[in-house]
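In our numbering, the protein residues as written are 1 to 224.
This report refers to the structure that appears directly beneath it.
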């Protein structure tokens, strides 16, 4: 049974995010802060490829050391249009996946044995076909770093691993980048009802539902 502190630790980041959003809305309504001006300034800054390359390198490093590289979607999607943000995030995610995969070959025996106790390890050992690997990448909430290291430990075919990683991360990055780009570009709150705003959000919601259903099915199949 989780304690009050553990529950607070889980929902703490969400509370902070909501508080920051509420603060931003309040300051904007009072005329004390124009987030659109700040956004235009930020988008005008990364005119060259320097920042894009830095985001890619940082994402590679984060994924290589099993850190949340996916969090950089909030940087790339705000500063770049969806197609370019997708290219940046897919390049960084796939590069990081490759490095983590290669690192996994050098895992100590103790670390490898620990990985074999995991649910994801058992799933990929039994079923690592093309569609399953893509599904794992696309489903929201999947731990990409764990997928990378598990695939390397199992020595899954590298070409299949890289292709499915690029396709899955590319699709997810485009959906999230499109949703974020449309939301930050709103001129008024009523614009959120436009089809081009709602479409990527509905797509993400559908992925969440499919992901939840898939996890439950896998759990039942494994008897966990």
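Glycine residues also receive a C-beta, built at the ideal position from the N, C-alpha and C atoms.
Between residue 138 and residue 87, the C-beta spacing is not below 8 angstroms.
Pairing residue 93 with residue 69 gives a Cβ-Cβ distance under 8 angstroms. In its chain, beyond the 5 residues on either side, 85, 176, 177, 180 and 181 have a beta carbon closer than 7 angstroms to the beta carbon of residue 77. Residue 49 and residue 83 have their C-alpha atoms roughly 15 angstroms apart. Listed in chain order, the non-local C-beta contacts of residue 166 below 7 angstroms within the same chain comprise 90 and 94, local neighbours out to five positions each way being set aside.
In this structure, the straight-line span from the alpha carbon of residue 152 to that of residue 103 is close to 7 angstroms. A Cβ-Cβ separation of about 6 angstroms places residue 63 in contact with residue 148 under the 8 angstroms criterion. Check the Cα spacing between residue 119 and each of 130, 146 and 141: the tightest is with 146.
When the beta-carbon positions are compared, residue 173 and residue 73 come within less than 8 angstroms of each other. DSSP, reduced to helix, strand and coil, places residue 66 outside both helices and strands of the structure shown, so it counts as coil. Bounds of the alpha helix (DSSP H) holding residue 176 are 158-184.
In terms of Cβ geometry, residue 75 and residue 55 form a close pair [threshold 8 angstroms]. For residue 154, the CB contacts under 8 angstroms within the same chain, skipping 5 residues up- and downstream, are 121, 124, 125 and 128 in chain order. Membership of residue 82 in the alpha helix (DSSP H) is indicated by the continuous run 82-104.
Taken through DSSP and simplified to helix, strand or coil, residue 139 comes out as coil.
For residue 127, the three-state secondary structure derived from DSSP is coil. Comparing C-alpha distances from residue 164 to each of 71, 67, 184 and 98 shows the shortest one belongs to 98.
In the same chain as residue 169, and ignoring 5 residues on each side of it, the C-beta atoms closer than 6 angstroms to its own belong to 90, 93 and 137, in chain order. Residue state for residue 49 is assigned as coil, using DSSP reduced to three classes. Residue 141 counts as exposed, since fewer than 16 other C-beta atoms from the protein chains shown sit within 10 angstroms of its C-beta.
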